[in-house]
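Shown next, in structure tokens, is the structure this report addresses.
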Amino acid sequence: MSTTALAIDKKIWSRDKLLCLYGIDLAAAASSSVLVSPFIAVVDRAIIENANGKRPLNHGLIQGFRRVFTRPLEFAGTPQFRLIFGLYFSTYITANIMDTTSEHLGVSAGTASWYKFVTTTVVNMGVCIYKDAAFTRMFGVTAVRSLPKLSYILFAARDSLTIAASFTAPSYIAGWLENNHAIEPNKANVSAQLASPALVQFVSTPFHLLGLDLYNRPTVTAADRMGFLRAEYLKSSVARVGKIGPAFGIGGVGNTYFRSFRKTVVDRY
12 MSTTALAIDK KIWSRDKLLC LYGIDLAAAA SSSVLVSPFI AVVDRAIIEN
62 ANGKRPLNHG LIQGFRRVFT RPLEFAGTPQ FRLIFGLYFS TYITANIMDT
112 TSEHLGVSAG TASWYKFVTT TVVNMGVCIY KDAAFTRMFG VTAVRSLPKL
162 SYILFAARDS LTIAASFTAP SYIAGWLENN HAIEPNKANV SAQLASPALV
212 QFVSTPFHLL GLDLYNRPTV TAADRMGFLR AEYLKSSVAR VGKIGPAFGI
262 GGVGNTYFRS FRKTVVDRY
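The opening residue of the sequence shown carries number 12 in the numbering used here; numbering runs sequentially from there.
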């Protein structure tokens, strides 16, 4: 029997303690998602409407944020907000529960990171692709139709990169910063959590734009698509950095902060 299998048989917390920890995980996921969802919902819509020519990116951002700040309760009831909240809540709660469960079962750190990456990728990818298909149809300028299969594949590749950079890479980057640059652990963790998901957007944005363009302009030539990517890449990348920064950077830091209250439960029971 493997070392991992032996470790999985070891239960380290009582049932009541485990349920309390899961409750904190749920509250942390919900709090972090509420915190970042309005911002992300506005940026997501603005990027889609800019890509399909409906309105310039800056106009979409200004109008969207004006609505958030002047009519926040109305905005919170829109499908736009609910879809984004559902996406990030499902992602954070999956990551949190996997962390807690791995600790409870005594799974090694490396194996636990792999489990978390796989489960959060599956959940995030499934919900995110559903959200993207809904947003593309809700805010599109063409007749509503099915999203091309290649668009789904491109969105899946984009999401895999983002999840890896948000939930797996930060711990390795933080360790590298500590060991090679003598940065304090807390500062290294925060720096890695903020920088990693943001920087990967410069790699993943072309996947996002091409997936949208395949839906908006199904018949254009490859040369036209390359021209579109060149024209929209920089501003869309910056906008996605601005979106992902709060989503998995600030949201990730917030989620970590809220989960820090787990220590009180662990110490009490």
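Yeah, the Cβ is synthetic: ideal placement off N, Cα and C, and Gly gets one too.
| query | CB-CB under 8 Å to Thr220, same chain, minus the five flanking residues each way: which ones, in chain order? | reply | As written in the sequence, residue 220 is Leu, which differs from the Thr given in the question. The answer, listed in chain order, is Ala62, Phe239, Leu240, Glu243, Tyr244, Ser247.
| field | Endpoints, the alpha helix (DSSP H) within which Glu60 is located | value | 26-62
| request: Assuming Leu32 contacts Arg273 (C-beta within less than 8 Å), just tell me the rounded distance between them. | output: 5 Å
| request: Taking all protein chains shown into account, decide if Ala16 is buried (16 or more other Cβ within 10 angstroms of its Cβ) or exposed. | output: With a pLDDT of 36 at Ala16, under the threshold of 50, the modelled position of that residue is not reliable, and no figure is offered here.
| field | Glu114, enclosing alpha helix (DSSP H) - first and last residue | value | 90-116
| field | Cα-Cα separation between Ile51 and Ile95, rounded to whole angstroms | value | 7 Å
| Buried or exposed: which applies to Arg121, given that a residue is buried once 16 or more other Cβ atoms fall within 10 Å of its Cβ? | This sequence places Gly at residue 121; Arg is not what is there. With fewer than 16 other Cβ atoms within 10 Å, it is exposed.
| request: Using the Cα positions of Ala57 and His115, report the straight-line distance between them to the nearest angstrom. | output: 42 Å
| request: Select from Lys127, Ala87, Gly253 the residue whose C-alpha is nearest the C-alpha of Phe178. | output: Lys127
| request: Can you tell me which of Pro208, Ala206, Arg236 puts its alpha carbon nearest to the alpha carbon of Pro217? | output: Arg236
| query | How about Thr105 and Thr130: are their beta carbons less than 7 Å apart? | reply | yes
| request: Count the other C-beta atoms from every protein chain shown that fall within 10 angstroms of the C-beta of Ser119, then say buried if there are 16 or more, exposed otherwise. | output: exposed
| query | Between the beta-carbon of Asn266 and the beta-carbon of Ser43, is there less than 7 Å? | reply | yes
| field | Proximal residues to Phe269 (C-beta, below 8 Å), its chain only, five neighbours per side dropped | value | Ile35, Ala38, Ala39, Ser42, Ser43
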